Ligand SMILES: Cc1ncc(COP(=O)(O)O)c(C=O)c1O
Ligand SMILES: Cc1ncc(COP(=O)(O)O)c(C=O)c1O
């Protein structure tokens, strides 16, 4: 086994952090083939000396190199070059700033990665934006499976825009919220997230400004932030987006509105009917096309929310995104985009090149379920239970948190958007809570600046487990912060 | 209703085609808000005069503007500005060259769009790369549905890399082809197409060269061509990729190999065991990471093909793409990527931001089916039928086409790669055939230069319908070309 000689030192006057100069150097040496796989590295002490850096800087660099697979560290035999050519490319791509530059993907943030991993384990998930397993309508699915089992003659690639029977059912379903459309104006996607992705890849002009509510769900994604666009937060009042605070684009600039007018994630705010009209008109006047994310459209408690922007749109200026994830089952991965025909055609075309369409199985099962008259009964019950859980969750918060927390009562959706007293350090609380197997979403994930909020989901966990989670958080808050 | 005044003329000395200058002008006027929705256009005659262009140029421009929805033409009332802000953005994005520049998506080619549309109709599809509906194992699916119906407790977002039970089944399945791997080295995607997409978005360095067999399936996609990379075709001989014809990348350049070593689509060529070893070694020496597309791995006729490159890969230099589309059901949209852990982690991360994972329903059903001992029986029978259909298809070609066509007998896969006599104009034959409801894929879709080949699928249609299709093509050939 060959041991490597190192005769290079980082440039301490350069803007690039030293640890990163070191990872770049490793990556470069391996990518060029100068450091072959299997070669042994000098000890940490010797390396730090050779580079003229302190141990902790070196270790930061080595950790990252281990994470991307360029080196492995074996107790006994020390560190060895293990990277193949992919890990070398990976190391290059891990560099965030490069991604942003290239309009490509940024790695998910640390907190989100942690949540995604944890969400599969047996922890109390006040973070999870999904329907509760208890509400899963197994009987509806069983019926659909049985029917499908009898009739299925193949499961081949589907029509590019999605199976017609499903698009017909969606069109019917949309009439209930005031949208009158045709199957040819509908594109079925793998969840509405994919639709956002498709729009951002194929319709966003470079350097466009995307105006959105602050805080907003999309801030927690990298979809819009990766496409050479500027995501700009606009405050809300109790009626929703304060549209007049936008700067209208100059004649040769482009801007787009992305809005969650109904049960905004994370705040739960519903844009009033009047504000909807005004926003539409403002958008029309200032050449601002609108993306309307209606993921929570069907999960109201007692009263149907105002009609979607799309229902009021006479010029095709609104692209509407619906989803079955919040009212039935996210695992189906089915969403629908409603737009003018040329827009649908274009998105369909790009979508075919992305993954050839959504699962036919999911599409067929959903078409069966939507056509089942019992779906209405399920929905009504689902909403009733959800409203009860929202009330129970708020009663629990009043019991434990009244001294240091405030929130607005939601009228639909899955979340409580809770402001905590300034004394509570939320990133610290997050770490303490995950160590105790309780997950919540720090509000800063959704915002354009750090804030004092947490997002608590009352939908996924039972009220008993919600209370247990709050008890643990309460303990942690009292033990660690001066409230 | 306002009628527009036009005082602008295209620059006849500019490089941009005149019709495109006109569409750009319209798009610009509408995007800036200068031409409001509802405004009436002057007549075609007046417009042509005002622009100083001939009618046919004008009509080309108007057709494109109608296609993207910027204007509508109503008999009686003439042409009206109908575009909203989205259609205006669309018009901008329809410009191919801009896409390529931005590393974004190019519209699907005309022939492919046509095929995609037609594939949903009642035509003879010698183009379709799918298993025949007759071979669909309904009983296997019914069993899986019944079992699932009893056990399903929810359908929520899945583990980021895919449901563990499925990854375990895939790992077991892969042992049969010589790949020994762990669930944590596997990422489940929405078909293998999505995996190609993910890799190209998150691991391709800018300006990299992607070496691939010529002809190749990926040439028919825009995935790799959109990512600021250079797709470069390398010829094959009877043993597969002539790897020695590649130019090794210089020290500071990047290159990647994409190969379909087993039943190459479209040619059916299988890379020999020896060539696999040599290619791997060459790649290792010249710092070329490898993408191995194994979509047809399981669809051999009589004899299992040589082990995948991945089975021989000791350094993690190969990323392997498998799929259930060709051996069971493309409508499940399930593929699997096998790679070193850091690569899987990175792809998983990007994938979560793209669509939150593949349909849980598809994943669960496939896990059930792969675990069913009868899956083996199904597979064996599937292969036998496929081999028979391949033989029947060739007998048919011998009967009708021996005078003007040649091909190599395939040993697996779905396709005959048929060279037609030079006298046959393939684009013309394609148009004539679609008019007669027969679809085939022109070979040029897959190649780096025009060629005299067609790809005929013997998998999808029955041998009777295959023959009918060939009869119609034979008629067309005799009536139109001097063979
Ligand atoms: C506002 C909003 N939009 C879209 C989505 C994406 O949902 P899906 O891709 O499952 O349809 C979510 C999920 O959390 C959401 O909260
Ligand atoms: C070589 C090859 N790879 C990948 C695919 C994509 O298949 P899927 O996305 O259905 O797995 C195909 C489909 O035609 C193919 O021929």
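Chains as they are written, first to last, in full-length UniProt numbering: chain A, 1 to 483; chain B, 1 to 483.
Every residue, glycine too, gets a C-beta built ideally from N, C-alpha and C.
As the structure is a prediction and not an experimental result, all values here were calculated from the model.
CA nearest to the CA of residue i, picked from the options
i: residue 469(A); options: 437(A), 454(A) and 453(A); result: 437(A)
i: residue 458(B); options: 424(B), 403(B), 397(B) and 405(B); result: 397(B)
i: residue 477(B); options: 48(B), 90(B), 132(B) and 432(B); result: 432(B)
i: residue 327(B); options: 254(B), 312(B), 51(B) and 375(B); result: 375(B)
i: residue 486(A); options: 258(A), 220(A), 228(A) and 250(A); result: As shown, chain A starts at 1 and ends at 483. That puts residue 486(A) outside it, with no answer to give.
i: residue 467(B); options: 131(B), 393(B), 263(B) and 15(B); result: 393(B)
i: residue 325(B); options: 7(B), 131(B) and 425(B); result: 131(B)
i: residue 143(A); options: 373(A), 380(A), 382(A) and 464(A); result: 373(A)
i: residue 401(A); options: 380(A), 162(A) and 473(A); result: 473(A)
i: residue 319(B); options: 221(B), 340(B) and 329(B); result: 340(B)
i: residue 4(A); options: 33(A), 20(A) and 18(A); result: 33(A)
Interface flag, residue i vs chain B, CB-CB below 8 Å
i: residue 8(A); result: no
i: residue 86(A); result: yes
i: residue 355(A); result: yes
i: residue 68(A); result: yes
i: residue 4(A); result: no
i: residue 468(A); result: no
i: residue 463(A); result: no
i: residue 20(A); result: no
Bridge partner(s) assigned by DSSP for residue i
i: residue 419(A); result: 406(A) and 453(A)
i: residue 328(A); result: Answer is none; residue 328(A) lacks a bridge partner.
i: residue 80(B); result: 40(B) and 72(B)
i: residue 259(B); result: 292(B)
i: residue 442(A); result: 454(A)
i: residue 300(A); result: 412(A)
Limits of the beta strand (DSSP E) - the one that residue i falls within
i: residue 322(A); result: 318-323
i: residue 74(B); result: 71-74
i: residue 230(B); result: 230-234
i: residue 474(A); result: Note, residue 474(A): premise wrong, no beta strand (DSSP E); alpha helix (DSSP H) at 463-480.
i: residue 270(A); result: Residue 270(A) -> no beta strand (DSSP E), and no H or E assigned at all.
i: residue 64(A); result: Careful: residue 64(A) lies outside any beta strand (DSSP E), inside the alpha helix (DSSP H) at 55-67.
i: residue 210(A); result: 209-213
i: residue 335(B); result: 335-338
i: residue 186(A); result: 186-189
C-beta neighbour in chain A for residue i, strict 8 Å
i: residue 492(B); result: Only positions 1 to 483 of chain B appear in this structure, which leaves residue 492(B) out of reach.
i: residue 295(B); result: no
i: residue 104(B); result: The predicted model places residue 104(B) with a pLDDT of 35, which falls under 50 and marks its position as unreliable; any figure quoted below should be read in that light. At least one chain A Cβ lies under 8 Å of residue 104(B).
i: residue 152(B); result: yes
i: residue 136(B); result: yes
i: residue 475(B); result: no
i: residue 108(B); result: Caution is warranted here: a pLDDT of 49 is assigned to residue 108(B), below 50, making its placement in the model unreliable, and the coordinate value is therefore given only provisionally. It does; some Cβ of chain A falls within 8 Å.
i: residue 381(B); result: no
i: residue 432(B); result: no
i: residue 55(B); result: no
i: residue 33(B); result: yes
First and last residue of the uninterrupted alpha helix (DSSP H) at residue i
i: residue 365(B); result: 360-371
i: residue 401(A); result: 374-401
i: residue 348(B); result: 341-355
i: residue 424(A); result: Unbroken run through residue 424(A): none, as it is neither H nor E.
i: residue 179(A); result: Careful: residue 179(A) lies outside any alpha helix (DSSP H) and carries neither H nor E.
i: residue 219(B); result: Counting along the chain, residue 219(B) falls outside any alpha helix (DSSP H), and DSSP gives it neither H nor E.
i: residue 126(B); result: First-last for residue 126(B): undefined, no H or E at that position.
i: residue 162(A); result: Element bounds for residue 162(A): n/a, residue is neither H nor E.
Residues, ordered as in the chain, of the region 255-286 of chain A that lie near chain D by beta-carbon distance below 7 Å: Looking at the structure shown, chain D is missing, and the protein chains on hand are A and B.
For the pair the region 304-313 of chain A and the region 168-180 of chain A, tell me if three or more CB-CB distances fall below 8 Å. Yes, the region 304-313 of chain A touches the region 168-180 of chain A.
Check whether the region 58-75 of chain A touches the region 15-33 of chain A, taking contact to mean three or more Cβ pairs, one atom from each stretch, closer than 8 Å. They touch, by the three-pair rule.
Given 8 Å as the limit, is there contact between the region 181-201 of chain A and the region 326-338 of chain A, that is, 3 or more CB pairs closer than that? Taking a cut-off of 8 Å on C-beta distances, the region 181-201 of chain A touches the region 326-338 of chain A, as three or more cross pairs fall below it.
Does the count of Cβ pairs from the region 381-390 of chain B and the region 418-429 of chain B closer than 8 Å reach three? No, because fewer than three Cβ pairs between the region 381-390 of chain B and the region 418-429 of chain B fall closer than 8 Å, the two stretches do not touch.
Any residue with its C-beta under 5 Å from a non-hydrogen atom of ligand 4 counts. Can you list them all in chain order? Because ligand 4 does not appear in the structure shown, any question about it cannot be addressed here, the ligands present being ligand 1 and ligand 2.
Between the region 189-199 of chain A and the region 341-361 of chain A, do three or more beta carbon pairs fall short of 8 Å? Contact holds between the region 189-199 of chain A and the region 341-361 of chain A, because three or more Cβ pairs, one in each stretch, are under 8 Å apart.
Counting beta carbon pairs with one atom in the region 77-88 of chain A and one in the region 37-56 of chain A, are three or more of them shorter than 8 Å? Contact between the region 37-56 of chain A and the region 77-88 of chain A is present: 3 or more CB-CB pairs across the two stretches fall below 8 Å.
If contact is defined by three or more beta carbon pairs under 8 Å, each pair taking one atom from either stretch, is the region 272-289 of chain B in contact with the region 158-166 of chain B? Contact between the region 158-166 of chain B and the region 272-289 of chain B is not established, with fewer than three Cβ pairs separated by less than 8 Å.
Taking 8 Å as the cut-off, does the region 434-448 of chain B touch the region 356-373 of chain B (at least 3 CB pairs, one atom from each stretch)? With the rule of 3 Cβ pairs closer than 8 Å, the region 356-373 of chain B does not count as touching the region 434-448 of chain B.
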